[in-house]
Amino acid sequence: MLTIRGLSKTFSGRPGQEPAQALDQVDIDVAEGQFATILGPSGCGKTTLLRSIAGFEDPSAGTISIDGREVAANGRSLVSAHERGVGIVPQDGALFPHLSVAQNVGFGLTGQPRRERNRRVAEVLELVGLDHLGSRRPHELSGGQQQRVALARAIAPNPRVILLDEPFSALDAYLRQSLREEVRNLLRDIGATVVLVTHDQAEAMTLADHLVVMRHGKVVQAGKPRETYFRPCDIELARFLGDAVVVDGDIPCGAATGTSGSTVSCAFGELAIGSWHGRPGLCDVLIRPENITVRGAGEGVGLPGVVGTVVDQSFYGHDGVLQVAIPQLPERVPVRVMGDQAFDVGQSVTLSVDRAVCTY
Numbered sequence: 009m010l011t012i013r014g015l016s017k018t019f020s021g022r023p024g025q026e027p028a029q030a031l032d033q034v035d036i037d038v039a040e041g042q043f044a045t046i047l048g049p050s051g052c053g054k055t056t057l058l059r060s061i062a063g064f065e066d067p068s069a070g071t072i073s074i075d076g077r078e079v080a081a082n083g084r085s086l087v088s089a090h091e092r093g094v095g096i097v098p099q100d101g102a103l104f105p106h107l108s109v110a111q112n113v114g115f116g117l118t119g120q121p122r123r124e125r126n127r128r129v130a131e132v133l134e135l136v137g138l139d140h141l142g143s144r145r146p147h148e149l150s151g152g153q154q155q156r157v158a159l160a161r162a163i164a165p166n167p168r169v170i171l172l173d174e175p176f177s178a179l180d181a182y183l184r185q186s187l188r189e190e191v192r193n194l195l196r197d198i199g200a201t202v203v204l205v206t207h208d209q210a211e212a213m214t215l216a217d218h219l220v221v222m223r224h225g226k227v228v229q230a231g232k233p234r235e236t237y238f239r240p241c242d243i244e245l246a247r248f249l250g251d252a253v254v255v256d257g258d259i260p261c262g263a264a265t266g267t268s269g270s271t272v273s274c275a276f277g278e279l280a281i282g283s284w285h286g287r288p289g290l291c292d293v294l295i296r297p298e299n300i301t302v303r304g305a306g307e308g309v310g311l312p313g314v315v316g317t318v319v320d321q322s323f324y325g326h327d328g329v330l331q332v333a334i335p336q337l338p339e340r341v342p343v344r345v346m347g348d349q350a351f352d353v354g355q356s357v358t359l360s361v362d363r364a365v366c367t368y
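The C-terminal residue of the sequence shown carries number 368 in the numbering used here, and the numbering is unbroken.
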């Protein structure tokens, strides 16, 4: 559905300044009906990418194709923004304050017969659960309702691709979580092809079928969220995506790179390698906190593990995080536990790793 090849964008600098490269040889594929998220820190190029797809920016090089139709190539747009079949939901909704909800939704349907336009407006307002608010003005709505209106306006013309530019970032935490799940389910129900831009790691991994991570204008890894989280391409990405325990390791020199059954020696003992980058010898070992099992003193006697002491803990209700000090490591080890697992500061515990690790 959406194919991007070699996309680059360079902005001319001010007099005396070097040009700024926002995008550098970006390749992305989004299948029909897929929900893709573009994740990266501020300044990584994700918004420039979204604007290029929408037709608001001309690329410096590369191609963009939507539904098999090339819309940008050779450093210029071939199809104008309003003819690309793209719907966009901006960060702030960008509703027209002087128009009613229904008029905002119908804005992109200009040129259609009035009866058909009114029918489509009613249809999408019902779809987003706002069919009873069509006569209201934007200032009479909550933040979540305003974003649903913006979504309804984007999907009303039946676009080939829907672009979401951090649409939940201005909402409070509870509303943000509930609305993004609602929007995801709605868009999946109608079979929409979606590209969402965000700097929120949890949001990106929760919503995505296909996760694209950007850094300094480049795509560093793309794939399924679970695979990207547990098998990141490097330590920097591992830490960007979530809590990471990184320890020194040593892979036997006779081990064959990438073969199953290989192990690495580290502070947690001899661990199975699930994915490795580099060569045998000294390496970094990546362990996710949720892959560390913690047992109280006297539990699991005879099982492999290292002994440590709980020095701090945080409780979040559904789960918690222990900070454990072990003699083999200079830094505390974060361990994620279920909310009903009770440990005390100062308690002696045993830690073991129950999943194959990544090495770098």
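All residues carry an ideal CB built from backbone N, CA and C; glycine is no exception.
In this text, all values refer to a predicted model and were calculated from it rather than measured experimentally.
Selected residue, minimal CA-CA separation from residue i, among the options
| i | options | result |
| --- | --- | --- |
| S177 | L195, T201, Q209 | Q209 |
| S326 | M346, I61, L117 | Looking at the sequence shown, residue 326 is not Ser but His. Per the Cα distances, M346. |
| D320 | F351, L10, V253 | F351 |
| P335 | G313, S322, V329, R344 | G313 |
| T206 | R161, D348, E26, T55 | T55 |
| L149 | E91, A69, F104, L337 | F104 |
| R156 | S68, R188, V253 | R188 |
| D75 | C274, S270, P167, H224 | P167 |
| S360 | A110, A160, F276, G24 | F276 |
| A390 | V79, V365, A28, A130 | Within the shown structure, residues of the chain are numbered from 9 to 368, placing residue 390 beyond reach of any answer. |
| F115 | H140, E91, R161, L215 | R161 |
| S73 | L330, G257, R13, A181 | R13 |
| D242 | V228, P233, R234 | V228 |
| H90 | V169, V318, V329, Y368 | V169 |
| F19 | D32, T11, N299 | D32 |
| R184 | I198, I163, Q153 | Q153 |
| G70 | A80, V318, H285 | A80 |
| E244 | V132, M222, N193 | M222 |
| G95 | L159, R127, S85 | L159 |
| V318 | V329, Y182, D217 | V329 |
| F43 | G304, G151, P233 | P233 |
| S186 | R247, A28, L215, L117 | L215 |
| Y237 | D258, T11, M213 | M213 |
| A62 | T301, R92, I259 | R92 |
| H285 | I300, L311, P240 | P240 |
| Q99 | S88, G151, D139, Y368 | G151 |
| T196 | E124, C291, V136 | A small correction: the amino acid at residue 196 is Arg; Thr does not occupy that position in the sequence shown. Of E124, C291, V136, the residue nearest in Cα terms is V136. |
| L337 | G316, Y324, S322, L290 | G316 |
| V220 | Q29, L47, S143 | L47 |
Where the beta strand (DSSP E) containing residue i begins and where it ends
| i | result |
| --- | --- |
| L47 | 43–47 |
| T278 | For the record, residue 278 in the displayed sequence is Glu; it is not Thr. Looking at the DSSP string, the run of the beta strand (DSSP E) that includes E278 is 277–284. |
| I72 | 69–74 |
| R344 | 341–346 |
| A374 | Residue 374 lies beyond the residue range present for the chain, which begins at 9 and ends at 368; the question has no answer from this structure. |
| T118 | Neither: T118 is in no beta strand (DSSP E) and is coded neither H nor E. |
| V97 | 94–97 |
| E410 | No answer is possible for residue 410: it lies beyond the span of the chain, which begins at 9 and ends at 368. |
| A230 | 226–231 |
| L249 | Careful: L249 lies outside any beta strand (DSSP E), inside the alpha helix (DSSP H) at 243–249. |
Continuous alpha helix (DSSP H) stretch holding residue i: start and end
| i | result |
| --- | --- |
| K54 | 54–62 |
| E134 | 122–135 |
| L159 | 151–163 |
According to DSSP, residues forming a beta bridge with residue i
| i | result |
| --- | --- |
| I300 | V361 |
| H218 | A44 |
| Q321 | L330 |
| S356 | T317 |
| G271 | Contrary to the premise, residue 271 reads as Thr rather than Gly in this sequence. Answer by DSSP bridge pairing, in chain order: A280. |
| V366 | This sequence places Cys at residue 366; Val is not what is there. In DSSP, C366 forms a bridge with S283, L294. |
| V38 | L10 |
| Q29 | T18 |
| I259 | G289 |
| D173 | V205 |
| S50 | Answer is none; S50 lacks a bridge partner. |
| V87 | Bridge partners of V87: none, in fact. |
| R223 | K226 |
Nearest-angstrom Cβ-Cβ length linking residue i and residue j, presumed shorter than 8 angstroms
| i | j | result |
| --- | --- | --- |
| K17 | S60 | 6 angstroms |
| R340 | V332 | 6 angstroms |
| V254 | C274 | No, V254 and C274 are not in contact; Cβ-Cβ is about 10 angstroms, not under 8 angstroms. |
| T201 | G21 | At roughly 35 angstroms, the Cβ-Cβ gap does not stay under 8 angstroms, so T201 and G21 are not in contact. |
| S68 | G83 | 6 angstroms |
| V203 | V38 | 6 angstroms |
| L171 | L15 | Not quite, the Cβ-Cβ distance comes to about 15 angstroms (not below 8 angstroms), so this is no contact. |
| V113 | D173 | The Cβ separation is near 18 angstroms, so there is no contact. |
| V132 | A164 | 5 angstroms |
Requested in this report: Would you list, in sequence order, the uninterrupted beta strand (DSSP E) runs of no fewer than 3 residues that lie entirely inside the stretch 177–219?
Outcome: Counting only runs of 3 or more, we get 202–206.
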